[in-house]
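Q: Chains as they are written, first to last, in this note's numbering: chain S, 1 to 246; chain Z, 247 to 492. Don't be surprised by glycine CBs; every beta carbon is placed ideally from N, CA and C.
There are 2 protein chains.
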Amino acid sequence: MSVTTTRQYGTQLTYIKQNLREQIQAGVIHQGQKLPSERELSELYGTTRITVKDALVSLETEGLIYREERRGWYVSPERIGYNPLSRTHFHQMIREQDRTADTRLIRVRNEVASGEYARALDAGPMLPIHIIERLRYIDGRAVLFVENVLKAALFEGILTEDLTQSLTGIYRDKYHYETKRSRFEVIPTSAPAHVAKALNLANGQPILKICRINYKQDGELMDCEFEYWRPDAVVIRIDSVDPAVR
Amino acid sequence: MSVTTTRQYGTQLTYIKQNLREQIQAGVIHQGQKLPSERELSELYGTTRITVKDALVSLETEGLIYREERRGWYVSPERIGYNPLSRTHFHQMIREQDRTADTRLIRVRNEVASGEYARALDAGPMLPIHIIERLRYIDGRAVLFVENVLKAALFEGILTEDLTQSLTGIYRDKYHYETKRSRFEVIPTSAPAHVAKALNLANGQPILKICRINYKQDGELMDCEFEYWRPDAVVIRIDSVDPAVR
DNA sequence: TAGTGGTCTAGACCACTCG
DNA sequence: GAGTGGTCTAGACCACTAT
């Protein structure tokens, strides 16, 4: 007898979502745990894989579960609170929330600014840049892909540093640059292919993109950063006095 | 002969997405325009509705198109830039970006704070609140559902005011309250049922939720606000001097 | 090699919108 | 009443992961 025989009202989709949601919120399935496979779930609920998948995608949108491509579905851990205005290092921020952080260097590209990078850096023609691609983990889960785009002329020799550390720290210690001003944008969109691959996302899955532009103490534009967060992993949290009133 | 006969590589999904994307970006299908129905598209591309729908959902995630429940799919207009730290009125903000704004009052509820409202207001037991639900339109399209949750004791008589206007304006003119400090959170999640209904979203569709808490000049918590944005309609944009350095 | 999710077929009925 | 998207069936093959 299928699980759905007890269903009284609403669509199957609603029922499956509600059922899974309750099991997650009650802790019957706990954070980070893998759900049964789509085929198993469709048998359990007496329906097809498509319907089960629709329910799972919907819970994913809600931020309750996430998937690793072709690996399965997992229960999302708690979101990390993140203030893009704060200059706190990533590792310190994660530690303050009693979680563990890791950073892996993916690759470094040396290019001339074009497209999105040129726009963000307000670049003239033929501006040499370094692009540092890193992947960041919270409690062992890859949740954030970061591209730092640096004006090469301002950061001579930076590529020989340990790039898994805080770049802000290197800016300060090696170059005596402080971030005076930041501009940033937050956009819900889908992951570009190289980002999806790094985060084990399927093509076209949702992402939270944060683009940040930093100016150093003399007001010069220094670098910009493109962050791609798994959308269930983060809540942007800003506490600020209104500059107009202060 | 189906359109896909010219396809050389990649999945159908990728091809359909790319084809629609190019037509949108080239302006062949312009902003706000309705796409052909899913059935028409599946015939055009020589495939099934499911595959077409997957492609459409993916472009929706990207922010390129949006849907009105059971009405169809439309090309997204440009995103509105929004700074949650700024005290600019909604209508003024939209006007500054050469767009037109409208606000409709949905309903007002008088309740005692509980659940999410109680947490946001840091409420003790039995705190009376007004909840003002409004729907906001940009160029005629419903893109934002707002709930303002006010401590009733601080806002006696506010319900007789014109609530389609800026509440911040009423706060200032009628009560002499200024917002001194704001805290806010941004969370990508899915729309609760009443929000989905107001925005013509299907159940469980993605939304950008912004929760803001405002303090008046004496530091007292005054009200909080829950904003639910259609995720393709907005880019959060903040330009700020780092308080730590300033 | 077994198992997973990703993609896809070829239909169907339903709830709702619109004219 | 015609048309739309929302939901659903009952399968299939493929690309990739894990072992």
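Let me check one thing: in DSSP terms, what residues is Ile-132/S bridge-paired to?
A: Per DSSP, Val-108/S, Asn-148/S.
Q: Roughly how far, in whole angstroms, is the beta-carbon of Ile-416/Z from the beta-carbon of Ile-433/Z, given that I think they are within contact range, below 8 Å?
A: That pair is no contact at about 27 Å.
Q: Is Val-28/S buried or exposed, if buried means 16 or more other CB atoms sit within 10 Å of its CB?
A: Val-28/S is exposed by the Cβ-count criterion.
Q: Using a Cβ-Cβ distance under 8 Å, would Asp-239/S count as near chain Z?
A: Yes, Asp-239/S lies at the interface with chain Z (some Cβ there is under 8 Å from its Cβ).
Q: Would you say Phe-336/Z faces chain S, with C-beta separation under 8 Å as the test?
A: Output row for Phe-336/Z: interface = no.
Q: Beta carbon of Pro-77/S, beta carbon of Asp-139/S: below 8 Å?
A: Yes, the pair counts as a contact, with Cβ atoms nearer than the cut-off.
Q: Between the alpha carbons of Asn-110/S and Arg-325/Z, how many angstroms are there, rounded?
A: About 32 Å.
Q: Grab me the residues of Ser-190/S's own chain with a C-beta within less than 7 Å of its C-beta, minus the 5 sequence neighbours each way, in chain order.
A: Contacts found: Gly-204, Gln-205, Pro-206, Ile-207.
Q: Following the continuous beta strand (DSSP E) through Asn-460/Z, name the residue where it begins and the one where it ends.
A: Per DSSP, Asn-460/Z belongs to the beta strand (DSSP E) from 452-462.
Q: With burial defined as no fewer than 16 other Cβ atoms inside 10 Å of the residue's Cβ, what is the status of Ile-378/Z: buried or exposed?
A: Its Cβ being crowded by 16 or more others within 10 Å, Ile-378/Z is buried.
Q: Do Arg-136/S and Leu-144/S have their C-beta atoms closer together than 8 Å?
A: Yes; because the gap between Cβ atoms is below 8 Å, this pair is in contact.
Q: One question on the structure: do Tyr-421/Z and Val-395/Z come within less than 8 Å of each other, judged by their Cβ atoms?
A: Not a contact, by the Cβ cut-off of 8 Å.
Q: Would you report the Cα separation of His-89/S and Trp-73/S, rounded to the nearest angstrom?
A: The alpha-carbon atoms of His-89/S and Trp-73/S are separated by roughly 30 Å.
Q: Could you pull the DSSP bridge partners for Asp-300/Z from this structure?
A: Asp-300/Z is not bridged to any residue.
Q: Alpha helix (DSSP H) containing Lys-443/Z: first to last residue?
A: 439-444 is the span of the alpha helix (DSSP H), which, as asked, contains Lys-443/Z.
Q: Can you check DSSP and say which residues form a bridge with Thr-189/S?
A: Its beta-bridge partners are Ile-207/S.
Q: Could you give the residue range of the beta strand (DSSP E) that holds Arg-260/S?
A: With chain S represented from 1 up to 246, any question about residue 260/S goes unanswered, as that position is not in the structure.
Q: With respect to the beta strand (DSSP E) encompassing Ile-80/S, which residues constitute its N-terminal and C-terminal limits?
A: That run of the beta strand (DSSP E) goes 80-82.
Q: May I have the straight-line CA-CA distance separating Asn-460/Z from Arg-107/S, to the nearest angstrom?
A: One C-alpha to the other measures close to 43 Å.
Q: Considering only the alpha carbon of each residue, which of Ala-196/S, Arg-181/S, Gln-25/S, Ser-86/S lies closest to Val-75/S?
A: The candidate whose alpha carbon is nearest that of Val-75/S is Gln-25/S.
Q: Exposed or buried, Ala-120/S, counting other C-beta atoms within 10 Å across all chains shown (16 or more means buried)?
A: When all chains shown are included, Ala-120/S counts as buried.
Q: Have a look at Leu-85/S, Thr-100/S, Tyr-66/S, Ser-114/S and flag the residue whose alpha-carbon is nearest the alpha-carbon of Gln-31/S.
A: Comparing Cα positions, the closest option is Tyr-66/S.
Q: What is the rounded straight-line gap between the Cα of Val-358/Z and the Cα of Lys-462/Z?
A: Distance between the alpha carbons of Val-358/Z and Lys-462/Z is about 21 Å.
Q: Are the CB atoms of Thr-546/Z and Thr-410/Z nearer to each other than 8 Å?
A: Here chain Z covers residues 247 to 492 and nothing more, so residue 546/Z does not appear.
Q: Apply the 10 Å Cβ neighbour rule to Lys-17/S and answer buried if 16 or more other Cβ atoms are within range, or exposed otherwise.
A: Buried.
Q: Would Thr-307/Z be called buried (16 or more neighbouring beta carbons within 10 Å of its own) or exposed?
A: Classification of Thr-307/Z: buried, given that the 10 Å Cβ count is 16 or more.
Q: Is it buried or exposed for Val-245/S, if we count other Cβ within 10 angstroms and need 16 for buried?
A: Note that Val-245/S scores 40 on pLDDT, short of 50, meaning its location in the model is unreliable; the coordinates nonetheless yield the value given after this. Label assigned to Val-245/S: exposed.
Q: Tell me Ser-240/S's beta-bridge partners as DSSP assigns them.
A: Answer is Ser-428/Z.
Q: I need the straight-line Cα distance from Ser-486/Z to Ala-448/Z, nearest angstrom please.
A: Cα to Cα, the separation comes out at about 36 Å.
Q: Relative to the C-alpha of Glu-473/Z, which candidate in Lys-455/Z, Val-481/Z, Asn-329/Z, Pro-438/Z has its C-alpha closest?
A: The shortest Cα separation from Glu-473/Z among Lys-455/Z, Val-481/Z, Asn-329/Z, Pro-438/Z belongs to Lys-455/Z.
Q: Helix or strand or just coil, what does DSSP make of Thr-410/Z?
A: Three-state DSSP puts Thr-410/Z in coil, outside helix and strand.
Q: State the DSSP-derived secondary structure class of Met-126/S, mapped to helix, strand or coil.
A: Met-126/S falls in the coil class under three-state DSSP.
Q: Find out if the Cβ-Cβ distance for the pair Arg-458/Z, Gly-327/Z is shorter than 8 Å.
A: Going by C-beta atoms, Arg-458/Z is not nearer than 8 Å to Gly-327/Z.
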